[in-house]
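S.K.: Residue numbers (full-length UniProt numbering): 1 to 237. Glycine is no exception: its CB is placed at the ideal position from the N, C-alpha and C atoms.
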Amino acid sequence: MNNTLSIVVPVYNEQENLGRVEKELQEYLNCAKVPTAVLFVDDGSQDLSLSIIKKICSRNPAFHYISLDRNYGLSTALKAGFDAVGSTLIGYIDSDLQTSPMDFNLLLDYIDTYDLVTGVRSDRKDAFLKKVSSLVANSIRRSFTQDGMDDTGCPLKIIKADYAKSIPMFKGLHRFLPAMVLLLNGKVKQVPVQHFPRIAGKAKFGLRNRLFGPLIDCFAYLWMKSNFISYKTEDKG
(Lines of atoms letter the chains of each structure in order from A; the text may use other names.)
(Lines give C-alpha, C1' and ligand atoms only; values in the text may rest on other atoms or scores of the structure.)
Protein backbone atom coordinates (compact mmCIF):
# COMPACT_ATOMS: atom_id res chain seq x y z
CA MET A 1 0.00 0.00 0.00
CA ASN A 2 1.20 3.52 -0.78
CA ASN A 3 0.69 5.29 2.53
CA THR A 4 -0.33 8.89 2.96
CA LEU A 5 -0.16 10.78 6.25
CA SER A 6 -2.41 13.45 7.72
CA ILE A 7 -1.00 15.25 10.77
CA VAL A 8 -3.79 16.32 13.12
CA VAL A 9 -2.90 19.39 15.19
CA PRO A 10 -5.43 20.23 17.93
CA VAL A 11 -5.39 23.94 18.78
CA TYR A 12 -6.83 25.77 21.75
CA ASN A 13 -5.63 29.33 22.40
CA GLU A 14 -2.17 28.90 20.88
CA GLN A 15 -1.85 32.13 18.89
CA GLU A 16 1.74 32.69 20.08
CA ASN A 17 2.88 29.30 18.78
CA LEU A 18 1.19 29.06 15.40
CA GLY A 19 3.91 30.86 13.46
CA ARG A 20 6.44 28.28 14.64
CA VAL A 21 3.95 25.48 13.97
CA GLU A 22 3.60 26.57 10.35
CA LYS A 23 7.36 26.89 9.86
CA GLU A 24 8.32 23.55 11.46
CA LEU A 25 5.53 21.57 9.83
CA GLN A 26 6.37 23.01 6.41
CA GLU A 27 10.00 22.01 6.94
CA TYR A 28 8.83 18.51 7.79
CA LEU A 29 6.57 18.30 4.72
CA ASN A 30 9.64 19.02 2.59
CA CYS A 31 11.37 15.86 3.85
CA ALA A 32 8.49 13.57 4.90
CA LYS A 33 8.92 9.91 3.94
CA VAL A 34 5.33 9.69 2.64
CA PRO A 35 3.01 12.30 1.08
CA THR A 36 1.79 14.38 4.01
CA ALA A 37 -0.84 17.01 4.77
CA VAL A 38 -1.71 18.95 7.92
CA LEU A 39 -5.14 19.35 9.53
CA PHE A 40 -5.60 21.96 12.25
CA VAL A 41 -8.54 21.30 14.57
CA ASP A 42 -9.45 24.54 16.31
CA ASP A 43 -11.15 23.51 19.55
CA GLY A 44 -13.16 26.67 20.16
CA SER A 45 -10.20 29.00 20.70
CA GLN A 46 -11.00 32.32 22.36
CA ASP A 47 -7.93 34.16 21.07
CA LEU A 48 -6.76 34.83 17.49
CA SER A 49 -5.80 31.21 16.79
CA LEU A 50 -8.56 30.52 14.25
CA SER A 51 -7.89 33.63 12.18
CA ILE A 52 -4.17 32.80 12.13
CA ILE A 53 -4.95 29.21 11.10
CA LYS A 54 -7.11 30.45 8.21
CA LYS A 55 -4.23 32.62 6.95
CA ILE A 56 -1.79 29.71 7.22
CA CYS A 57 -4.11 27.44 5.23
CA SER A 58 -4.74 30.09 2.58
CA ARG A 59 -1.04 30.26 1.70
CA ASN A 60 -0.16 26.57 2.13
CA PRO A 61 -2.07 24.09 -0.06
CA ALA A 62 -1.08 21.14 2.15
CA PHE A 63 -2.57 22.81 5.26
CA HIS A 64 -6.27 22.51 6.09
CA TYR A 65 -8.49 23.19 9.08
CA ILE A 66 -11.78 22.50 10.76
CA SER A 67 -13.14 24.56 13.63
CA LEU A 68 -15.41 23.27 16.39
CA ASP A 69 -18.32 25.40 17.58
CA ARG A 70 -17.00 25.47 21.17
CA ASN A 71 -14.24 24.06 23.34
CA TYR A 72 -14.77 20.30 23.79
CA GLY A 73 -11.34 19.13 24.95
CA LEU A 74 -8.41 17.27 23.46
CA SER A 75 -10.04 13.87 22.97
CA THR A 76 -12.97 15.35 21.04
CA ALA A 77 -10.62 17.45 18.91
CA LEU A 78 -8.65 14.33 18.06
CA LYS A 79 -11.80 12.41 17.13
CA ALA A 80 -12.92 15.28 14.90
CA GLY A 81 -9.55 15.13 13.18
CA PHE A 82 -9.63 11.35 12.83
CA ASP A 83 -13.11 11.55 11.28
CA ALA A 84 -12.18 14.31 8.84
CA VAL A 85 -9.09 12.91 7.12
CA GLY A 86 -8.92 10.43 4.27
CA SER A 87 -5.28 9.32 4.48
CA THR A 88 -4.09 5.79 5.33
CA LEU A 89 -2.09 7.07 8.32
CA ILE A 90 -2.91 9.71 10.92
CA GLY A 91 -0.30 11.58 12.92
CA TYR A 92 -0.86 13.65 16.04
CA ILE A 93 1.25 16.50 17.41
CA ASP A 94 0.46 19.24 19.91
CA SER A 95 0.58 22.87 18.82
CA ASP A 96 2.93 23.74 21.70
CA LEU A 97 5.72 22.03 19.68
CA GLN A 98 7.36 20.40 22.69
CA THR A 99 7.95 17.54 20.26
CA SER A 100 9.46 17.87 16.79
CA PRO A 101 7.57 17.11 13.56
CA MET A 102 10.85 15.75 12.18
CA ASP A 103 10.49 12.76 14.49
CA PHE A 104 7.45 11.59 12.52
CA ASN A 105 9.99 10.04 10.17
CA LEU A 106 11.31 7.95 13.09
CA LEU A 107 7.81 6.67 13.80
CA LEU A 108 7.16 5.95 10.12
CA ASP A 109 10.03 3.46 10.12
CA TYR A 110 7.87 1.12 12.24
CA ILE A 111 4.35 1.71 10.92
CA ASP A 112 4.43 -1.16 8.41
CA THR A 113 4.84 -3.62 11.28
CA TYR A 114 2.77 -1.86 13.96
CA ASP A 115 -0.67 -0.26 13.98
CA LEU A 116 0.22 2.57 16.35
CA VAL A 117 3.69 4.00 16.97
CA THR A 118 4.01 6.48 19.82
CA GLY A 119 6.87 8.66 20.96
CA VAL A 120 8.46 8.43 24.39
CA ARG A 121 9.88 11.64 25.84
CA SER A 122 13.12 10.10 27.12
CA ASP A 123 14.71 13.43 28.18
CA ARG A 124 11.78 15.60 29.19
CA LYS A 125 12.30 19.35 29.47
CA ASP A 126 9.37 19.98 31.82
CA ALA A 127 9.33 21.27 35.37
CA PHE A 128 9.98 18.73 38.12
CA LEU A 129 6.38 18.72 39.40
CA LYS A 130 5.00 18.14 35.91
CA LYS A 131 7.38 15.25 35.28
CA VAL A 132 6.57 13.61 38.61
CA SER A 133 2.80 13.99 38.16
CA SER A 134 3.02 12.51 34.66
CA LEU A 135 5.11 9.61 35.97
CA VAL A 136 2.48 8.87 38.62
CA ALA A 137 -0.38 9.22 36.12
CA ASN A 138 1.33 6.85 33.66
CA SER A 139 1.89 4.32 36.44
CA ILE A 140 -1.80 4.44 37.39
CA ARG A 141 -2.93 4.05 33.79
CA ARG A 142 -0.47 1.25 33.06
CA SER A 143 -1.64 -0.73 36.11
CA PHE A 144 -5.22 -0.55 34.83
CA THR A 145 -4.62 -1.15 31.12
CA GLN A 146 -1.55 -3.42 31.12
CA ASP A 147 -0.59 -1.79 27.82
CA GLY A 148 3.14 -1.70 28.61
CA MET A 149 3.44 1.93 27.51
CA ASP A 150 5.73 4.28 29.45
CA ASP A 151 4.47 7.63 28.15
CA THR A 152 1.02 7.64 26.57
CA GLY A 153 0.82 11.40 27.13
CA CYS A 154 3.55 12.01 24.56
CA PRO A 155 1.96 14.26 21.90
CA LEU A 156 3.63 12.57 18.95
CA LYS A 157 1.95 9.50 17.47
CA ILE A 158 1.14 7.80 14.19
CA ILE A 159 -1.81 5.42 13.94
CA LYS A 160 -3.22 3.53 10.99
CA ALA A 161 -6.44 5.24 9.93
CA ASP A 162 -8.48 2.03 10.02
CA TYR A 163 -7.74 1.73 13.73
CA ALA A 164 -8.16 5.43 14.49
CA LYS A 165 -11.62 5.47 12.94
CA SER A 166 -12.68 2.24 14.70
CA ILE A 167 -11.77 3.27 18.24
CA PRO A 168 -14.76 3.95 20.53
CA MET A 169 -14.09 7.51 21.65
CA PHE A 170 -14.65 8.94 25.11
CA LYS A 171 -13.33 11.93 27.06
CA GLY A 172 -9.81 11.26 28.19
CA LEU A 173 -9.20 8.84 25.33
CA HIS A 174 -5.97 10.59 24.31
CA ARG A 175 -4.36 8.84 27.28
CA PHE A 176 -5.58 5.41 26.14
CA LEU A 177 -4.87 5.24 22.40
CA PRO A 178 -2.32 2.39 22.71
CA ALA A 179 -4.64 0.43 25.03
CA MET A 180 -7.52 0.88 22.60
CA VAL A 181 -5.45 -0.32 19.64
CA LEU A 182 -4.47 -3.40 21.67
CA LEU A 183 -8.14 -3.94 22.45
CA LEU A 184 -8.75 -4.01 18.70
CA ASN A 185 -6.05 -6.71 18.42
CA GLY A 186 -3.57 -4.26 16.96
CA LYS A 187 0.15 -3.94 17.65
CA VAL A 188 1.81 -0.93 19.30
CA LYS A 189 5.37 0.33 19.51
CA GLN A 190 7.05 3.12 21.48
CA VAL A 191 10.07 5.01 20.14
CA PRO A 192 12.25 7.61 21.95
CA VAL A 193 11.75 11.13 20.55
CA GLN A 194 13.06 14.62 21.23
CA HIS A 195 11.41 16.89 23.78
CA PHE A 196 11.67 20.64 24.20
CA PRO A 197 10.55 23.27 26.74
CA ARG A 198 7.34 25.14 26.02
CA ILE A 199 8.38 28.48 24.52
CA ALA A 200 5.04 30.31 24.34
CA GLY A 201 1.42 29.91 25.42
CA LYS A 202 0.09 28.19 28.51
CA ALA A 203 -0.21 24.50 29.33
CA LYS A 204 -3.80 23.25 29.18
CA PHE A 205 -3.34 20.51 31.79
CA GLY A 206 -2.55 21.22 35.43
CA LEU A 207 -1.72 18.98 38.37
CA ARG A 208 -5.39 18.22 39.03
CA ASN A 209 -6.23 16.87 35.57
CA ARG A 210 -2.88 15.15 35.18
CA LEU A 211 -3.51 13.03 38.30
CA PHE A 212 -7.21 12.83 39.05
CA GLY A 213 -8.34 12.89 35.41
CA PRO A 214 -6.38 9.75 34.45
CA LEU A 215 -7.66 7.89 37.53
CA ILE A 216 -11.30 8.63 36.67
CA ASP A 217 -10.68 7.82 33.01
CA CYS A 218 -9.17 4.45 33.98
CA PHE A 219 -12.51 3.38 35.46
CA ALA A 220 -14.26 4.55 32.28
CA TYR A 221 -11.79 2.50 30.25
CA LEU A 222 -12.41 -0.62 32.36
CA TRP A 223 -16.17 -0.26 31.95
CA MET A 224 -15.80 0.21 28.20
CA LYS A 225 -13.40 -2.75 27.94
CA SER A 226 -15.80 -5.05 29.80
CA ASN A 227 -18.62 -4.08 27.43
CA PHE A 228 -16.60 -3.88 24.24
CA ILE A 229 -18.01 -5.83 21.27
CA SER A 230 -15.40 -7.66 19.24
CA TYR A 231 -15.74 -10.60 16.86
CA LYS A 232 -14.14 -12.34 13.89
CA THR A 233 -16.09 -13.80 10.96
CA GLU A 234 -15.11 -17.41 10.28
CA ASP A 235 -17.00 -18.00 7.05
CA LYS A 236 -19.62 -16.52 4.79
CA GLY A 237 -21.50 -17.59 1.69
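Kindly indicate which residue of Asp112, Tyr92 and Thr113 has the alpha-carbon position closest to the one of Asp103.
M.R.: For Asp103, the nearest C-alpha among the options comes from Tyr92.
S.K.: Glu27: buried (16+ other C-beta within 10 angstroms of its C-beta) or exposed?
M.R.: Per the 10 Å Cβ criterion, exposed.
S.K.: Using the beta-carbon count (16 or more within 10 Å), is Asn13 buried or exposed?
M.R.: Counting Cβ neighbours within 10 Å, Asn13 comes out buried, since at least 16 surround it.
S.K.: Quick one: is Cys154 buried, meaning 16 or more other Cβ sit within 10 Å of its Cβ, or exposed?
M.R.: Label assigned to Cys154: buried.
S.K.: Identify whether Gln194 lies in helix, strand or coil by the three-state DSSP scheme.
M.R.: Here Gln194 sits in coil by DSSP.
S.K.: Going straight from the alpha carbon of Asp69 to that of Ser45, what length do you get?
M.R.: Rounded to the nearest angstrom, the two C-alpha atoms are 9 Å apart.
S.K.: Rounded to the nearest angstrom, what separates residue 312 and Leu18 at their Cα positions?
M.R.: In the structure as shown, the chain begins at 1 and stops at 237. Residue 312 is therefore absent and cannot be evaluated.
S.K.: With burial defined as no fewer than 16 other Cβ atoms inside 10 Å of the residue's Cβ, what is the status of Phe176: buried or exposed?
M.R.: With 16 or more Cβ atoms within 10 Å of its Cβ, Phe176 is classed as buried.
S.K.: Could you name the residues that DSSP lists as bridge partners for Tyr92?
M.R.: Beta-bridge pairing links Tyr92 to Val8 and Lys157.
S.K.: If I follow the unbroken beta strand (DSSP E) through Gly172, where does it start and stop?
M.R.: Counting along the chain, Gly172 falls outside any beta strand (DSSP E), and DSSP gives it neither H nor E.
S.K.: Classify Ala164 as helix, strand or coil using the three-state DSSP reduction.
M.R.: Reduced to three states, the DSSP call for Ala164 is helix.
S.K.: Going by DSSP, what residue range makes up the alpha helix (DSSP H) through Tyr28?
M.R.: Leu18 to Leu29 is the extent of the alpha helix (DSSP H) around Tyr28.
S.K.: Ends of the beta strand (DSSP E) at Ser67?
M.R.: Counting along the chain, the beta strand (DSSP E) containing Ser67 begins and ends at Phe63 to Ser67.
S.K.: With a threshold of 6 Å on Cβ separation, who are the neighbours of Ser100 within its own chain once the five nearest residues in sequence on each side are excluded?
M.R.: Counting only Cβ-Cβ distances below 6 Å, and skipping sequence neighbours, we find Gln194.
S.K.: Quick one: Cα of Arg121 to Cα of Lys33, how far?
M.R.: For Arg121 and Lys33, the distance between alpha carbons rounds to 22 Å.
S.K.: Thinking Pro178 and Asp147 are a contact (beta carbons under 8 Å), I'd like their distance in whole angstroms, please.
M.R.: Yes, Pro178 and Asp147 are in contact; Cβ-Cβ is about 5 Å, under 8 Å.
S.K.: Give me the residue from Tyr110, Lys55 and Leu183 with the minimum Cα distance to residue 238.
M.R.: No statement about residue 238 is possible, as the shown extent of the chain runs from 1 to 237 and does not include it.
S.K.: How would you label Asp109, buried or exposed, when you count the other beta carbons within 10 angstroms and need 16 or more for buried?
M.R.: With fewer than 16 other Cβ atoms within 10 Å, it is exposed.
S.K.: Cα separation between Met149 and Met180?
M.R.: Using only the alpha carbons, I get a separation of about 12 Å.
S.K.: Compute the Euclidean distance between the alpha carbons of Ile158 and Gln190, then round it to the nearest angstrom.
M.R.: Whole-angstrom Cα-Cα distance: 10 Å.
S.K.: Which of the three DSSP states is assigned to Thr36 in this structure?
M.R.: The answer is strand: DSSP assigns Thr36 an E or B state.
S.K.: If distances are taken between C-alpha atoms only, which option among Gln15, Asn3, Pro10 and Thr152 comes closest to residue 269?
M.R.: With the chain represented from 1 up to 237, any question about residue 269 goes unanswered, as that position is not in the structure.
S.K.: Per DSSP, what are the beta-bridge partners of Thr233 in this structure?
M.R.: Bridge partners of Thr233: none, in fact.
S.K.: Is the Cβ-Cβ distance between Cys31 and Asn105 less than 9 Å?
M.R.: Yes. Within cutoff.
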